[in-house]
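See structure below.
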């Protein structure tokens with residue numbers, strides 16, 4: 600399989616990566632969540648080439664992650680604002696931050712601290728279950744085929760299931 | 600800045616991406632969380648070349664994300680098991696899943712459903728504050744320089760701060 604086909608697989612991880620899987624894109628998003636909005640600021644903070652930055656920003660506008668808004672008329676100047684779809688990428692950027700803080704920080708500690716405005720505490724967010732409020736981690740979640748995979752299973756005898764669903768050894772544990 | 604220098608910046612997002620920022624790596628991790636452990640299974644499920652898969656698995660072993668464990672002696676056979684450091688990548692993979700389910704799924708719905716074993720509900724995990732239990736999102740978190748950036752600020756007058764810290768417009772909101 601070529602990478603450019605990856606967004607067509609029946610897998611939400613692959614579909615997400617087809618939009619934001621580029622490494623510079625994730626750093627552009629980090630900047631956006633730190634309130635950077637203008638081309639020259641992204642360019643100065645990230646140090647990537649203007650060519651690559653232009654390409655990545657255009658893709659994110661096309662995908663509905665950024666809205667390109669004119670903030671000055673003469674000369675025309677634009678800024679890139681996160682849409683609702685873009686703001687909803689926050690848990691991914693936080694996930695990357697949290698893991699880096701925990702496993703890659705070294706003796707100097709975390710580069711950035713996150714403060715929860717609701718309670719004022721410095722914290723590292725954790726995953727929780729919206730149904731019961733309990734913690735969610737790799738050991739207490741089970742992945743099952745959802746509607747899209749069940750439809751595929753019915754349609755073509757599960758041939759494509761093998762690419763994107765829980766394995767046999769997982770099935771046996773049920 | 601070249602990509603290979605990215606792990607050296609004072610930013611937890613960049614440090615994490617220096618380990619897992621490759622797109623195939625994130626799909627390898629998705630497979631691992633679906634209980635895939637063996638080279639031939641990763642190869643069959645992902646459809647990438649054996650050469651690329653070998654390189655990515657070796658990197659993940661070197662970084663302490665996978666442990667390579669012999670499961671058969673004659674002939675010798677190995678499997679790749681997530682370490683604690685690897686299991687702690689779960690929130691990132693879940694973040695990618697959740698966003699794909701919400702924004703990229705189309706009419707067929709989600710490919711995979713997640714069931715919280717503690718309560719039995721199908722759910723999409725949300726970020727919460729471990730201090731107060733309230734929801735965490737892009738709008739109710741403030742990023743402040745942490746210990747590592749404060750040390751840099753003291754040492755070199757903030758020159759490197761510009762690359763990885765909240766922007767001026769952010770500072771003004773305090």
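Protein chains in written order, with my numbering: chain A, 600 to 773; chain B, 600 to 773.
Note that beta-carbon positions come from the ideal geometry of N, C-alpha and C, so glycine has one too.
Quick one: is residue i buried, meaning 16 or more other Cβ sit within 10 Å of its Cβ, or exposed?
i: residue 663(B); result: exposed
i: residue 639(B); result: exposed
i: residue 689(B); result: buried
i: residue 744(B); result: buried
i: residue 668(A); result: exposed
i: residue 715(B); result: buried
i: residue 699(A); result: buried
i: residue 659(B); result: buried
Starting from residue i, follow its DSSP beta bridges and name the residues at the other end.
i: residue 727(B); result: 725(A) and 734(B)
i: residue 576(B); result: Outside the shown range of chain B (600 to 773) lies residue 576(B), about which nothing can therefore be said.
Suppose contacts are defined by Cβ-Cβ distances below 8 Å. Is residue i in contact with residue j by that definition?
i: residue 609(B); j: residue 748(B); result: yes
i: residue 718(A); j: residue 718(B); result: no
i: residue 652(B); j: residue 642(B); result: yes
i: residue 613(B); j: residue 723(A); result: no
i: residue 682(B); j: residue 666(B); result: yes
i: residue 630(B); j: residue 644(B); result: yes
i: residue 737(B); j: residue 628(A); result: no
i: residue 695(A); j: residue 615(B); result: yes
i: residue 621(B); j: residue 655(B); result: yes
i: residue 674(A); j: residue 707(B); result: no
i: residue 611(B); j: residue 710(A); result: yes
i: residue 693(A); j: residue 726(B); result: yes
i: residue 680(B); j: residue 636(B); result: yes
i: residue 741(A); j: residue 720(B); result: no
i: residue 619(B); j: residue 691(A); result: no
Beta strand (DSSP E) containing residue i: first to last residue?
i: residue 680(A); result: 676-681
i: residue 669(B); result: 665-671
Could you tell me the boundaries of the alpha helix (DSSP H) in which residue i lies?
i: residue 642(B); result: 638-645
i: residue 661(A); result: 649-661
i: residue 694(A); result: 689-702
i: residue 630(A); result: 622-632
i: residue 615(A); result: 611-619
Would you mind telling me which residues of chain C sit closer than 9 Å to residue i, beta carbon to beta carbon, in chain order?
i: residue 750(B); result: Any reference to chain C falls outside this structure, whose protein chains are A and B.
Proximal residues, the stretch 702-720 of chain A versus chain B, C-beta separation under 8 Å: 702, 703, 704, 705, 707, 708, 709, 710, 711, 712, 713, 714, 715, 716, 717, 718 and 720
Under 9 Å (Cβ pairs) to chain A, residues found in the stretch 733-748 of chain B: 733, 734, 735, 736, 737, 738, 739, 740, 741, 742, 743, 744, 745, 746, 747 and 748
Residues from the stretch 661-679 of chain B in contact with chain A, defined by Cβ distance under 7 Å: Those residues of the stretch 661-679 of chain B placed with their C-beta closer than 7 Å to a C-beta in chain A do not exist.
Residues of the stretch 607-630 of chain A with Cβ closer than 7 Å to any Cβ of chain B, in chain order: 609, 610, 611, 612, 613, 614, 615, 616, 620, 622, 625, 626 and 629
Chain-ordered residues of the stretch 685-701 of chain A with a beta carbon less than 8 Å from chain B: 686, 687, 688, 689, 690, 691, 692, 693, 694, 695, 696, 697, 698, 699, 700 and 701
Contact residues within the stretch 629-645 of chain B, judged by C-beta distance below 8 Å to chain A: Correct list: 629, 632, 633, 634, 635, 640, 643, 644 and 645.
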